[in-house]
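Please read the structure below before turning to the comments.
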Amino acid sequence: MSLNVHHLELFYFVAKYEGITEAVRKMPYGIQQPAVSGQILQLEKSLGVKLFHRRPFALTPAGDDLYDFVYPFFSRLDQVSERLRGEESQHLRLAASGTVLRHHLPGVLQAVKEKFPDLRVTLREVTSTEMEAALQKQEADVAITILHRKTTPGVKSTKLLELPQVLLVPTDAPVKKIKEILDSAVGGSICQPLITLPPSERLAQLFQDGLAKRNLAWEPSMEVSEVGLIERYVASGFGYGVTLQIPGIPWGDKVRAIPLPAADFGPVVVGILHTGNLKSVAANFVEVAKKYAATLMKAV
0 MSLNVHHLEL
10 FYFVAKYEGI
20 TEAVRKMPYG
30 IQQPAVSGQI
40 LQLEKSLGVK
50 LFHRRPFALT
60 PAGDDLYDFV
70 YPFFSRLDQV
80 SERLRGEESQ
90 HLRLAASGTV
100 LRHHLPGVLQ
110 AVKEKFPDLR
120 VTLREVTSTE
130 MEAALQKQEA
140 DVAITILHRK
150 TTPGVKSTKL
160 LELPQVLLVP
170 TDAPVKKIKE
180 ILDSAVGGSI
190 CQPLITLPPS
200 ERLAQLFQDG
210 LAKRNLAWEP
220 SMEVSEVGLI
230 ERYVASGFGY
240 GVTLQIPGIP
250 WGDKVRAIPL
260 PAADFGPVVV
270 GILHTGNLKS
280 VAANFVEVAK
290 KYAATLMKAV
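Going by numbering that gives the first Met the number 0, the residue at position 168 of the sequence shown is 167; the numbering climbs one at a time, nothing skipped.
Encoded structure:
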């Protein structure tokens, strides 16, 4: 035999407050007295026993047994819900690229932790094309990503900073300026091996747009999944790499960066995406990240 949990909850309040009238007054949600009476009758009918006497109110032996059984559960619901809400209010779910997760993010999270000392963080490495889906599926509260197009309805964006494009070359490479490479084109094509992100990524698109403005073509010889890998393969001699100048992150001693002219090779805009109204810990993260980004840009 299965029992209706809502009927059991109503019985708990009736027994606790010693009567239907008083229970209706003190229950945490609105319900009319006839509805309570009717559902208690259904409970008694399903059990085949009388649970209490109405006037004066008194639990029957069966009512005493049932109240002893349901009391530990219903009496602690408020405590459990408060605890769970408290834990969730300190839980930040963040989606970002591997590069973001490794570098400046720890400092931002440390600042958030000052206000939310019981902060619990879930970090998820996601590609830029997967960010909005992660938010819409409620797999993340906020996402840090490259902003390059109009967001889908319901997704809000906050700009953090602009990162200039640079060309990474091995330290011992003879080239000193980007003009030397561009001028080396034969028939409008540059033959030097090129390491980039996939063509679906904004950085690769902006770089190719800049070449197109100069009527040049430079086909990639290697595509990698994230910008952090570009330095590694340039340092290993696989070619030159198109990447971003990230404030506060120095290059290794095996590579050097050649700036690209911003007029043709525009900067990549990095920002935060989220949906709906943010809970306090996520809203605080956004504010801390904005201040942190502003500090980084001043230091450039």
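Glycine included, C-beta positions come from ideal geometry on N, C-alpha and C.
A distance below 8 Å separates the beta carbons of G62 and F51. For K149, no beta strand (DSSP E) encloses it, and the DSSP letter there is neither H nor E. By the neighbour-count criterion, in which a residue is buried when 16 or more other Cβ atoms sit within 10 angstroms of its Cβ, Y70 is exposed. Check the Cα spacing between L40 and each of F72, N3, G29, S74: the tightest is with N3. Assignment of beta strand (DSSP E) within the region 23-95, counting only whole runs of 3 or more residues, yields 90-95 in chain order. In the structure shown, the three-state DSSP call for T170 is coil. In the structure shown, S127 falls within a helical segment according to DSSP collapsed to helix, strand and coil.
CA-to-CA, the gap between L277 and E179 works out to about 49 Å. DSSP lists V165 as the bridge partner or partners of P258.
Its chain contains L93, A94, A95, V125, M130, E131, A133, L134, I271, L272, H273 as the residues whose beta carbon lies nearer than 8 Å to that of A142, once the 5 sequence neighbours on both sides are disregarded; these appear in chain order.
Counting C-beta pairs with one atom in each stretch, the region 157-164 and the region 287-297 have three or more that are closer than 8 Å, which means they touch. Minimum Cα-Cα distance from E225 among the listed residues R101, L7, R53 corresponds to R101.
Fewer than three pairs of CB atoms, one per stretch, sit closer than 8 Å, so the region 113-125 makes no contact with the region 252-272. Judged by DSSP secondary structure, L243 falls within the beta strand (DSSP E) whose first and last residues are 239-243.
Residue state for S235 is assigned as coil, using DSSP reduced to three classes.
A straight line joining the alpha-carbon of V267 with that of R201 spans about 7 Å. Per the coordinates, the alpha-carbon of G236 lies some 7 Å from the alpha-carbon of P169. Nearest neighbour of Y66 by Cα position, chosen from G29, H6, Q207, M26, turns out to be H6.
Secondary structure of K158 (DSSP, three-state): strand.
Shortest Cα-Cα distance from P60 to any of V48, K253, Q191 involves V48.
With 16 or more neighbouring CB atoms inside 10 Å of its own CB, Y239 falls in the buried class.
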